[in-house]
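K.L.:
Sharing a structure below in structure tokens format, with a few things to ask.
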Amino acid sequence: MGLLPRRSILYKLFFITILLQGYFRWVEAQHCVWYGECGESEKVPGKKYNCNYTGPPIPLPSEGYDLLTELCPGYDYGNRSLCCDVDQLRTLKGSLQLPLQFLSRCPACFFNLMNLFCELTCSPHQSQFLNATKVNSSSVVEVQYYIGKTFANAMYNACKDVQAPSSNVKALSLLCGKDAKDCNATNWIQYMFDINNGQTPFPIIPTFSDVPVSGHTPMNNKTYACTEGLDDGSGPCSCQDCSNACGPKPVPPPLPPPWTIFGVDAMTVIMWISYMAFLLIFLGAVIVAWCYRKRTIMSEYGPILASSNPLSLNSDNPDHVNASCCETLGERFENALRKLFSSWGAFCVQHPSLVILGSLILVGASSGGLVYMRITTDPVELWSSPTSQARQEKNYFDSHFGPFFRTVQLIITTPLNETSIYSPYFGGSDVPFGAILAKDILHQVLNLQLDIEALVASYEGQNVTLKDICLAPLAPYNDNCTILSVLNYFQNSHAVLDHWKGDDFFVYADYHSHFLYCVSAPASLNDTTVLHDPCLGTFGGPVFPWLALGGYDGTNYNNATALVITFPLNNYLNDSVRLGKALAWEKEFIKFMKNFKNPNLTIAFSAERSIEDEIDRESNSDISTIVISYAIMFIYISLALGHIHSFRRVMVDSKISLGIAGILIVLSSVASSLGIFSYAGVPLTLIVIEVIPFLVLAVGVDNIFIIVQTYQRDERMPQEELHQQIGRILGDVAPSMFLSSFSETVAFFLGALSNMPAVRTFSLFAGLAVFIDFLLQISCFVSLLGMDARRQEGNRLDIICCVKLPEGQETKTDGFLFRFFKKIYAPFILKEWVRPIIVAVFVGILSFSIAVVNKVEIGLDQKLSMPDDSYMLDYFRNMSEYLHTGAPVYFVVKDGLNYSSPEGQNVVCGGVGCNNNSLVQQVYTASLISNYTTIAFTPSSWLDDYFDWVKPQSTCCRYYNTTGTFCNASVVNSSCVHCRPMTSAGKQRPVGEEFMRFLPMFLSDNPNVKCGKGGHAAYATAVDLYPNNTGVGATYFMTYHTILKESPDFIDALKMARVLADNISQSMDHEVFAYSVFYVFYEQYLTIAYDTALNLSVSLAAIFLVTTVLLGFELRSAVLVSLTIAMILVNMFGVMWLWDISLNAVSLVNLVMSCGISVEFCSHIVRAFSISVKKNRVERAEEALAHMGSSVFSGITLTKFGGILILALSKSQIFQVFYFRMYLAIVLLGAAHGLIFLPVLLSYIGPSVNKAKVFAANQRYAGTERERLLNH
């Protein structure tokens, strides 16, 4: 029993001892590690050590209360006993300025970070988690900081997504010493406490643990997640700065599956089945009809030719014919046209001098407008309608923010293939560097860059340098030009590039380490290496690695195989002098680069003027090709018009002078059309100059051949004089010419309804040229034909008309081509067994073309617009191969939004308290699925940066309390005071008048070491302020597209940006549009399929209506003409698919033209068929083909064929693709359909004979030689 009390006493003593040990250790934990500031840091000049002090915390003097409340409000209680004095608090505030500016947009992140530094600097329990490992006399020169892993990870997780709006990167890229993706909780804290970052005066060695280590309890204070609000009322971070606040990542909609049937393209299957069905039905019908005809042989003309039939034309009552109302109307219309043209033709032959002189006067007067001719080479004017959405948006952007800058760019590669390995001194894996990043190569590139900067051009006697025209965002404080080059990481200096730190054995840091830091933090003013060189460009802005490097994988910029140097130049809207200076400097640049030689560098280059210059050069180089092409056509026409009866009469029967006159008439009509529209101020385009002569030559020459060959085949009637004969011939053929010319004119003028300037201009000029050509042919040419006929009848030589050949007996014979068509060709293709084969083949080709219509690519490859020896081809190739980012895209908020109100701010901004569907938030969300949206990065947001800049905790926004003017953060002056008070209201966003008071200061503030948020460099042009800074007008938020290489990429980017802008507009209830410099060129492709269908449909409808009227209201004839032309057009799409010709404005012009030329191939044949009075359809088709087919073949097909083949020799790729290939297809398809398919179609389903026309013909030719021929 006695032992128990003794044992109990021992237990009590033991327990008391343990409690006392805990108490003394707790008391010991209350002491400090340092207090106050002592001597200068040896490693970091300008920074101070903290004084060694192991006593208890000391109450803070009252002068530091405000600072404590601002920085570490958790200690603002009691007598504020701390381990820091006021000087340490001031140092802490200065050190945290940069993190504050970039991280305070997420309150939870910044609170956790402040906690880390407040505990380190001032905690009254310092000795619990801080251990002074090195003390030098009175100064602490190294400490160990025990930090809880939980705290470190929570702090990192709250901060990892925070954005730096002006840089389009995550804030940790600027604060972690490496790219944000390589940053983690451990290395971020290690970097902040590393002496090499230029901010930490002595090493602070962090040790991460959640359990006590070496008698120290790690600092593991409470943290806030970025999804949580703070106790002071600050809200949770925005989705843009906190991925956990966003919900699930957006998923792009799946691509629509290809339309297939049984795994095969659906259109192919449908057209194959349709073709098989057609063949079955058609061949069945042919066989049935053949069997029926074998049993009942009967002519379709039997009833109207049988004399026993009272309704027959051969009946006993010749004054009566049973014609329908339409047939009678058609015959009367035809007769009226015949009489009109016959009288006019006779007049022209009788009075040639008057007609020719009148024609010359009219042509001269019309062509006089050529002195006012303007040729448009501006691509914007060529491809974009002034009323189009993209053009209006471009004009809005230019007028509010200034035109998009001009670009001069070099893409530099090297033939060397030596990869070097860089081994970081302070640890880390080896880093390979591509040959283009070798120091020697960089020095050579820098020499080139400096040479370009030193170029001097001359404009109107004045010297022009790069500084006169370049984009200098910080001017006038900093007039350095913006040069987006990797060498700007080295301040464009050979000395900085060579800068290194090391000793006799090791290199601690050199250009390798500086490069690796700068590509991860391009906006940094001080790298983390011992070099401490800035990364920010000399012009005051960051150089993003994706703009200055090319050919790398992922974000491994060290693997780059190309350097990209971009010189943005100012563009000028209405200042021809300054624009002229920019053009002059660019010209000097191009000249310099063409002469530049360096065996170690391969350079592709471009200036803003390059494309226009090369198009001009291409046009000049193609002149010789065009001249040769036309010369061949001219020679052929001059020789082919004559019908030589014998060698002796070669010079009499030739029509060289008439052919030349006919060609001059064609050219006169072109000149007149150009002149008339030049009077009206309509500018010309290169397409007009290159295409219209070709078109009018096709139409005009065809008509010339028809007139001349009809005259050559005609027999003069008894008692008929020359003028009467030519008048009669013109009466026969002019309606056909009028039909084709008027159809084309109406079709072209309706084509002018197109929104595309190139198509509209072409259609206007072409329509007028074709009609003037027709008028000159039925007047001036007829007079010249009469004069030439008199010369020929007088046996006078062609050209040397004063020389007369002795009279001789000559036999008149038909031409070879006419005989071939009449005797061999026409009978062959209209044979019973040949016709079904022709129909089957042509319908098969049509079926194939329909199947591939939707597969024709839309767009225009830029490379095709260049000559094949152009330096721009290398540039386009390198751009596709090496560039890693697309063009800038601006989301423009139109004037009228109230940014001074919280509601107006919330629909735009991307920070705390902003709407989840705000503009910045929606663009950010789109950037998360950039493969779908083509939006590459988070947008730069002036509004979010302004809110960070104006915060009272920041040193950015200050003004002189004496004058009220802005005081830059780098100024040390006691009269500079913070813009806003350190109160809860002052920490809120500025609204109302306060918003507008400080905004102009923000937009004029240049970024510096103490304030990286100044808005002058990034946003000076992004905000259009009202006069006297009374309000905010239009503004933009800029980001970039992903890399765009081919036309479909650009079209898709435009489409997606517009969809995004429309969504933003709806959610904001305010108009927002997306603008990029290429939108004006690619907008046409959004609707080109519709425009093409509309243009061609309208043209076909016009041709149908005109043909119906001018063929004497023969509906079936008009349908067949329209059907054949439609087949030609559809087959053109088949050729385009086979021959890789994309659909764009150039090919659309050619399609509209092919519609016009097809009329020539078809309408003459159909009209000849409709007025033929042969026994049945086959014979009528044969006659039409023999008479008109030979003229069409010699007039269009052969003429064009020779000229087209020469186009294949052109240097211009656009000529080879869009003119040679398409013209060849137009002529071959037109000839094939007009001369093979159409006669066969007419022989099957051509219109029946017009009884009224046959009766009128019989009446007209009664008692003449023609009657015998007709009856025969």
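Offset between the sequence shown (1-based) and our numbering: plus 838. For every residue, glycine included, the Cβ atom is placed at its ideal position computed from N, Cα and C.
#1: Taking 7 angstroms as the threshold (C-beta atoms), are residue 2055 and residue 1702 in contact?
#2: Taking 8 angstroms as the threshold, find out whether the stretch 2007-2024 comes into contact with the stretch 1660-1675 through three or more Cβ pairs.
#3: Find the nearest neighbour of residue 2111 within the set 1610, 1306, 936, judged by alpha-carbon distance.
#4: Sort out for me which residues DSSP pairs residue 977 with in a bridge.
#5: CA-CA distance, residue 2092 and residue 1228?
#6: Based on Cα-Cα distance, which residue from 1823, 1873, 1848 lies nearest to residue 1837?
#7: Would you kindly work out how many angstroms separate the C-alpha atoms of residue 1558 and residue 1631, rounded to a whole number?
#8: Between which two residues does the alpha helix (DSSP H) harbouring residue 1772 extend?
#9: What's the C-alpha gap between residue 943 and residue 1077?
#10: How would you write the range of the beta strand (DSSP E) that residue 1097 sits in, first residue to last?
#11: Are there 16 or more other CB atoms within 10 angstroms of the CB of residue 971, so buried, or fewer, so exposed?
#12: In whole angstroms, what separates the C-alpha of residue 1477 from that of residue 1470?
#13: Using three-state DSSP, classify residue 1008 as helix, strand or coil.
#14: Pull the bridge partners of residue 982 from the DSSP assignment, please.
#15: In whole angstroms, what separates the C-alpha of residue 1752 from that of residue 1865?
#16: Are the CB atoms of residue 1442 and residue 1797 nearer to each other than 7 angstroms?
#17: Is any non-hydrogen atom of the ligand SAM found closer than 6 angstroms to the C-beta of residue 1529, if you look at the structure I gave you?
#18: From residue 1886 to residue 1697, what does the alpha carbon distance come to, in whole angstroms?
#19: Expressed to the nearest angstrom, what Euclidean distance is found between the alpha-carbon atoms of residue 1673 and residue 1444?
#20: Check the DSSP bridge columns for residue 895 and list the partner residues they point to.
#21: What's the gap between the Cα of residue 1505 and the Cα of residue 1609?
#22: Relative to the alpha-carbon of residue 1775, which residue among 1840, 1880, 1917, 1682 has its alpha-carbon at the smallest distance?
#23: Do you know offhand how far residue 1812's Cα is from residue 1805's?
#24: Which of helix, strand or coil does DSSP assign to residue 1352?
#25: Report yes if the C-beta distance between residue 1993 and residue 1585 is below 7 angstroms; otherwise report no.
#26: Note down the Cα distance separating residue 1412 from residue 1784, rounded to an integer number of angstroms.
#27: How many angstroms separate the CA atom of residue 1346 from the CA atom of residue 958?
#28: Which residue or residues does DSSP assign as beta-bridge partners of residue 1755?
#29: Quickly, what does DSSP pair residue 875 with across the bridge? List them, please.
#30: State yes or no: is the beta carbon of residue 948 nearer than 7 angstroms to at least one beta carbon in chain B?
#31: Going by the DSSP bridge assignment, what does residue 1057 pair with across the sheet?
#32: By DSSP, does residue 2094 sit in helix, in strand, or in coil?
#33: Count the other CB atoms, across all protein chains shown, that sit within 10 Å of the CB of residue 1575; report buried if there are 16 or more and exposed otherwise.
#34: Assuming residue 1834 and residue 1738 make a contact with CB atoms under 8 angstroms, what is their CB distance in whole Å?
#35: Does DSSP put residue 1339 in a helix, in a strand, or in coil?
#36: Express the C-alpha separation of residue 2066 and residue 2094 in angstroms, rounding to a whole number.
P.N.:
So, to answer that:
#1: Taking the sequence shown and counting its residues from 1, the one referred to as residue 1702 is at position 864. Taking the sequence shown and counting its residues from 1, the one referred to as residue 2055 is at position 1217. Yes, these two residues count as a Cβ contact at 7 angstroms.
#2: yes
#3: Any property of residue 2111 remains undetermined from this structure, which presents the chain solely from 839 to 2110.
#4: For the purposes of this step, residue 977 is taken as residue 139 along the sequence shown, with counting starting at 1. According to DSSP, residue 977 bridges with 889, 974.
#5: Along the sequence shown, read from residue 1 onward, the residue named residue 2092 stands at position 1254. Along the sequence shown, read from residue 1 onward, the residue named residue 1228 stands at position 390. Residue 2092 and residue 1228: Cα-Cα distance of roughly 59 angstroms.
#6: Counting from one through the sequence shown, the residue named residue 1837 turns up at place 999. Ranking the options by Cα distance to residue 1837, first place goes to 1873.
#7: Walking along the sequence shown from the start, residue 1558 turns up at place 720. Walking along the sequence shown from the start, residue 1631 turns up at place 793. When rounded, the distance between both Cα atoms is 15 angstroms.
#8: Walking along the sequence shown from the start, residue 1772 turns up at place 934. Premise fails: residue 1772 is in no alpha helix (DSSP H) and is neither H nor E.
#9: Counted from its first residue, the sequence shown places residue 943 at position 105. Counted from its first residue, the sequence shown places residue 1077 at position 239. Straight-line Cα distance between these residues: approximately 12 angstroms.
#10: Here residue 1097 refers to the residue found at position 259 of the sequence shown. Element bounds for residue 1097: n/a, residue is neither H nor E.
#11: Indexing the sequence shown from 1 puts residue 971 at position 133. The residue is exposed, with fewer than 16 neighbouring Cβ atoms inside 10 Å.
#12: On the sequence shown, residue 1477 is found 639 positions in, with the first residue counted as 1. On the sequence shown, residue 1470 is found 632 positions in, with the first residue counted as 1. Going from the Cα of residue 1477 to the Cα of residue 1470 covers about 11 angstroms.
#13: Position 170 of the sequence shown, counted from the start, is the residue given in the question as residue 1008. In the structure shown, residue 1008 sits in a strand (DSSP, three-state: E or B).
#14: Translated into positions along the sequence shown, residue 982 becomes position 144. Answer is 969, 1043, bridged to residue 982.
#15: In the sequence shown, counting from the first residue as 1, residue 1752 sits at position 914. In the sequence shown, counting from the first residue as 1, residue 1865 sits at position 1027. Going from the Cα of residue 1752 to the Cα of residue 1865 covers about 28 angstroms.
#16: On the sequence shown, position 604 is the one that residue 1442 refers to. On the sequence shown, position 959 is the one that residue 1797 refers to. No, these two residues do not count as a Cβ contact at 7 angstroms.
#17: With respect to small molecules bound, the structure shown includes none, and the ligand SAM cannot be examined in it.
#18: Counting from one through the sequence shown, the residue named residue 1886 turns up at place 1048. Counting from one through the sequence shown, the residue named residue 1697 turns up at place 859. The straight-line gap from Cα to Cα measures roughly 7 angstroms.
#19: Here the question's residue 1673 lines up with position 835 in the sequence shown. Here the question's residue 1444 lines up with position 606 in the sequence shown. Those two C-alpha atoms are separated by around 58 angstroms.
#20: For this step, residue 895 is matched to residue 57 along the sequence shown. Residue 895 is not bridged to any residue.
#21: Taking the sequence shown and counting its residues from 1, one reaches residue 1505 at position 667. Taking the sequence shown and counting its residues from 1, one reaches residue 1609 at position 771. Cα to Cα, residue 1505 sits roughly 13 angstroms from residue 1609.
#22: Within the sequence shown, numbered from 1, the residue matching residue 1775 stands at position 937. Out of 1840, 1880, 1917, 1682, 1880 has the C-alpha closest to the C-alpha of residue 1775.
#23: The count along the sequence shown starts at 1 and reaches residue 1812 at position 974. The count along the sequence shown starts at 1 and reaches residue 1805 at position 967. Their Cα atoms are separated by approximately 11 angstroms.
#24: The residue you call residue 1352 lines up with position 514 of the sequence shown. Three-state DSSP puts residue 1352 in a helix.
#25: Position 1155 of the sequence shown, counted from the start, is the residue given in the question as residue 1993. Position 747 of the sequence shown, counted from the start, is the residue given in the question as residue 1585. Yes; because the gap between Cβ atoms is below 7 angstroms, this pair is in contact.
#26: Along the sequence shown, one-based indexing puts residue 1412 at 574. Along the sequence shown, one-based indexing puts residue 1784 at 946. Their Cα atoms are separated by approximately 32 angstroms.
#27: Translated into the one-based positions of the sequence shown, residue 1346 becomes position 508. Translated into the one-based positions of the sequence shown, residue 958 becomes position 120. Answer to the nearest angstrom: the Cα atoms are 29 angstroms apart.
#28: Here residue 1755 is taken as the residue at index 917 of the sequence shown, counted from 1. Answer by DSSP bridge pairing: none, since residue 1755 is not bridged.
#29: Position 37 of the sequence shown, counting from 1, holds the residue named residue 875. Per DSSP, 888.
#30: The chain labelled as chain B is not found in the depicted structure, where only one protein chain is given.
#31: For the purposes of this step, residue 1057 is taken as residue 219 along the sequence shown, with counting starting at 1. According to DSSP, residue 1057 bridges with 985.
#32: Taking the sequence shown and counting its residues from 1, one reaches residue 2094 at position 1256. Residue state, collapsed to three classes: helix.
#33: Within the sequence shown, residue 1575 is the residue found at index 737, counting from 1. By the 10 Å Cβ count, residue 1575 comes out buried.
#34: By 1-based counting over the sequence shown, the position of residue 1834 is 996. By 1-based counting over the sequence shown, the position of residue 1738 is 900. Their Cβ separation, rounded to whole angstroms, is 6 angstroms, which keeps residue 1834 and residue 1738 in contact under 8 angstroms.
#35: Locating residue 1339 in the sequence shown gives position 501, where the first residue counts as 1. Three-state result, residue 1339: strand.
#36: By one-based count along the sequence shown, residue 2094 stands at place 1256. By one-based count along the sequence shown, residue 2066 stands at place 1228. About 37 angstroms.
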